[in-house]
Every structure is written in structure tokens, then in C-alpha cells.
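Quick note: the sequence shown, position 377, residue 1149 per this note's numbering, numbers continuous.
Below you'll find the structure, written out as C-alpha cells, and then a few comments.
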Amino acid sequence: MQTLTILGATGSIGKNTLDVVKRHNDKYRVYALTANSDYETLLLQARDVNAQHVVLADVSVQNEALALAASMELDVQCHFGVDALVKVSNDNKVDTVMAAIVGAAGLIPTFAAVAAGKRVLLANKEALVMSGELFIAKANECGATILPIDSEHNAIFQCLPHSFKYGDLAASGISKVLLTGSGGPFLETDLALFDAITPAQACAHPNWDMGQKISIDSATMMNKGLEFIEARWLFGLDNDDIDIVLHPQSTIHSMVQYVDGSVIAQMGAPDMRTPIAHALAYPVRIKSGVNPLDFNQLRDFTFSTPCPERYPNLYLALRAARMGQSACTTLNAANEINVAAFLAGHISFTDIARCNAQVLDAHEISSLTTIEQVIQCDQNAREVAQSAILELS
Ligand code: NDP
Ligand code: MG
């Protein structure tokens, strides 16, 4: 029996995780569920899976949440604030932490789980992008196991040999890691129309059903840029070890190419319950509820290279990856601010890349040797991004 904390339980990954967990209540027990402010969903989930604790990061909802928990006569302990997120992430009753908070807000509790040597199922790519070296070093020091949830990274993990040693591609006869991406909803859209793209259009991903932030990142392909950085840290890769391949059908979730010419791909329906079930049960396999691929229905199977004019955000992320950690932290923070401004209708779709570029151009590289320095760098970048938005308007 594994005991779980699910950080970000009310989100897209959180709900998919509960869906898989509920299919296997002989294997998984839920210790804690967390959200930011959506206490109604969180309390219903807690009742559904008999969670012992719930945490809401947003303390302003405390009174309403406690009143609702009392009226539901729930046998669950309610906690509020970031310290409580940390407590349910590093509690010694917990074996496994699903890290599925969106954005930089996930860093502190996810890092706490790593520092406590947990089995960490990592969906929150932003935490790794902003603190890569520290994150991996802490996992090694504290004996944490990190299992990738991001579908591409989970696919790469499945395509690597069991003997793979972190960072040593040559020893395993690997020539390239091929990171695939669909290209999002605007793969074929006339570039002249990009300025007028609305948040609703950008959130409507052709293959995946996801939270708003990652949906926008998928439309700009910043998501693939963040995933490039994520892959570097998860597997110890150099920039040149990874190629990005557009594959609009999202049937292949990524590949590993070997020196003998073999390419091993992981395929499946675009449904996050596959990587979630894989990581939850690793190294054994469990049912996820995902329909098997029907090869009679698969028609097109195409590949191409993403172009910089269509996806400037992807190329900004690749530039940040070459610049180093503080540039990655900075770009990630700026992107969170600019995506939120786009969703709020304050800037246009193309302004996201414009403002991100402005922040990265202004960035002076510094070394980040503590989590406090990472958080400071993130805060500084947010301020520069806010000024870039103000300048635009
Ligand atoms: P959602 O927006 O659907 O959910 C986000 C979750 O995080 C919610 O539970 C939300 O709570 C919580 N949250 C938001 N802000 C805070 C905060 N400040 N403090 C604490 N909790 C907070 O996101 P997704 O599930 O789509 O994505 C989660 C992570 O997984 C992201 O890092 C994303 O990149 C990654 N990922 C997602 C995939 C997907 O298919 N969705 C695929 C691959 C990776 P509340 O509901 O109260 O706002
Ligand atoms: Mg992904």
C-alpha cells in the first residue's frame, strides 16, 4: 500500500491522478489533497477518497472552507497556507507525492518532498526548470526518486534502457533524444492572424485537455522549451543531445534514437492517465482506464521541424537553456506573468513572446546556489515582466 499526497489535486493532472488511484484502492491510500482556493472541489474529492488532510494554499478562503467542511460532516483535517503544503509533502506517513501544482508556486512543496527523500511524481515542470541543478542534487543527496509525469519525459524514460546512467548516453549507445510536440492549435494558422488570437482559441488544444497555463504554453510552444530544459535535468542531457520534432497527431509521445539506427518510440492515446499510471506503479504496470490505440483508426503520421517565426517562445527557451540556470528561472517567471496577462486580456498573444524576450534580453546572468536565490531571481523577473507589460500599454 502506497500512501499519497496529491499537490494540485483540483487541477487537470490532479483529477486524472485521482481517476487512476480510485481504480486501485487496494494499492493506494490518499493521505492529503491540496489546492490553491477551490475548496468546494477539494472537499468533495477528500470525501470521495477518504483523504485524512486537505490543504488550501490561499488562506483567504479559510472561513468558507471550514464552514463547508463542517456542513458536510467530513472527517478530514483542513490546513491553510504554504507551510501546510510543505508539511503534507514531507510528512513521514507519506511515501509518494504527486507534484501537480502549476507554475513556480509548486517549487517549495515539491522541493520539500524531494528533501524528504520521497518518491516524487513530477508534473510541475516549472519547479525543475527554475531550480534544475539544486533540485537534482537534493534528490541525490536525500535519496528521492523522481518519476516523470510529463508525457514526453515519461515516454523517454520508458524508451531508455534499464541500465541507463544519468547523463551517460554513450554508455547506452544513444545518439539522440527526440522530444515530440504537436505544435498546438496554430500549427497551420496564417501568421498575420496571430495578433488577434483569443485566450479561448489558444486554450483549445487539438489533442490534449489541460489546465489553462500549459494550454497557452502549448500554443506558443514555450511548453516544449520548458520541456527541453526539463529533459536536460531529468536525464542529464546536453543541449545537443535533444532534437525537437513536430508530430501533430500526438500518438508518439517521444523517442530515443540509438547509434545502430534503431529508434524506440512510446505511443498511446493522448491521455495523461497513461504516464500517471506508469509512474504510480513503476516498475509494474496497472490499468489506467485509457483506451488502447486503434491502429485501424490512425490515419496521418507526420513529422516536421518547428519554425522560429511561428514559435518564438520555443527559441527563447532554447536560448535560456544555453545561457544557464538564472536565465531559465527568469524566462519561466516572465512567461508566467505574461501568460496570466494574456489570459486576463491585458496583452495580445504575440505580446507574450515580445515581453518574454524583453525580460530575457535584460537579464544579467548570476549563479543560483540556494533555493532562496532561485526565488529571488524569480521575483526580480516578475517585476521586470510587469514593467514590460506596462510599457506596452
Ligand atoms: P491546472 O491549472 O489544471 O491545476 C493547477 C493546480 O494547482 C490546481 O489544483 C490549483 O488549485 C493548484 N494551484 C494553482 N496555483 C496554486 C498556488 N499558488 N499554490 C498552490 N496550489 C496552486 O494545471 P494542470 O493540472 O494542467 O498542470 C499542473 C502541472 O502539471 C503544470 O506544471 C503543468 O505544466 C504540468 N503538466 C500538465 C499536463 C496536463 O495534461 N494538464 C501535462 C504535462 C504536465 P485551484 O484549483 O484551487 O486553483
Ligand atoms: Mg508534455
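All residues carry an ideal CB built from backbone N, CA and C; glycine is no exception.
Item checked: Secondary structure of F1121, DSSP reduced to three states -> Reading the sequence shown from its first residue, position 349 is the one you call residue 1121. Looking at F1121 - three-state DSSP - the assignment turns out to be helix.
Item checked: Range covered by the alpha helix (DSSP H) that runs through L857 -> As a position in the sequence shown, residue 857 is number 85, starting the count at 1. Where L857 is concerned, the enclosing alpha helix (DSSP H) stretches over V854 to N862.
Checklist line | Cα-Cα separation, L1162 to P1078 | finding: In the sequence shown, residue 1162 corresponds to position 390, counting from 1. In the sequence shown, residue 1078 corresponds to position 306, counting from 1. Their backbone Cα atoms lie some 30 angstroms apart in a straight line.
Item checked: Local conformation of L805 per DSSP, three classes -> By one-based count along the sequence shown, residue 805 stands at place 33. Looking at L805 - three-state DSSP - the assignment turns out to be strand.
Item checked: DSSP state of K937 mapped onto helix, strand, coil -> In the sequence shown, counting from the first residue as 1, residue 937 sits at position 165. If DSSP states are grouped into helix, strand and coil, K937 belongs with coil.
Check: Beta carbon of K742: closer than 6 angstroms to some heavy atom of ligand 1?
Finding: Outside the shown range of the chain, which is 773 to 1165, sits residue 742, and nothing can be said about it.
Check: Tell me, which residues are paired with P920 by DSSP?
Finding: Stepping through the sequence shown from its first residue, residue 920 is reached at position 148. P920 pairs with L894.
Notebook entry, point to check: Do you know offhand how far D867's Cα is from V860's?
Noted result: Start at 1 with the first residue of the sequence shown, and residue 867 comes out as number 95. Start at 1 with the first residue of the sequence shown, and residue 860 comes out as number 88. Computed Cα separation, rounded: 11 angstroms.
Margin query: Which residue marks the beginning of the alpha helix (DSSP H) containing S1098, and which one marks its end?
Written below: Taking the first residue of the sequence shown as position 1, residue 1098 is located at position 326. Residues Q1097 to L1115.
Check: Secondary structure at V949, three-state DSSP: helix, strand or coil?
Finding: Residue mapping note: residue 949 aligns to position 177 of the sequence shown, counting from 1. If DSSP states are grouped into helix, strand and coil, V949 belongs with the strands.
Checklist line | Those residues, in chain order, that have a beta-carbon closer than 7 angstroms to some heavy atom of ligand 4 | finding: In the structure shown, ligand 4 is absent; the only ligands present are ligand 1 and ligand 2.
Notebook entry, point to check: Roughly how many angstroms separate the alpha carbons of L879 and A911, rounded to a whole number?
Noted result: For the purposes of this step, residue 879 is taken as the residue at position 107 of the sequence shown. For the purposes of this step, residue 911 is taken as the residue at position 139 of the sequence shown. Taking the straight line from one Cα to the other gives about 14 angstroms.
Notebook entry, point to check: Are there three or more Cβ pairs, one per stretch, closer than 8 angstroms when the region 891 to 911 is compared with the region 994 to 1010?
Noted result: Judged by Cβ distances under 8 angstroms, the region 891 to 911 makes contact with the region 994 to 1010, as three or more pairs qualify.
Margin query: Below 6 angstroms, is the gap between the Cβ of S935 and the nearest heavy atom of ligand 1?
Written below: In the sequence shown, counting from the first residue as 1, residue 935 sits at position 163. No; taking the cut-off as 6 angstroms, the Cβ of S935 has no heavy atom of ligand 1 nearer than that.
Checklist line | Identity of the residues DSSP links to S1076 by a beta bridge | finding: As a first step, residue 1076 is located in the sequence shown; it is residue number 304 there, counting from the start. L1018.
Next item on the list: Within 10 angstroms of the Cβ of I969, are there 16 or more other Cβ atoms? Answer buried if so, exposed if not.
Entry: Taking the sequence shown and counting its residues from 1, the one referred to as residue 969 is at position 197. Label assigned to I969: buried.
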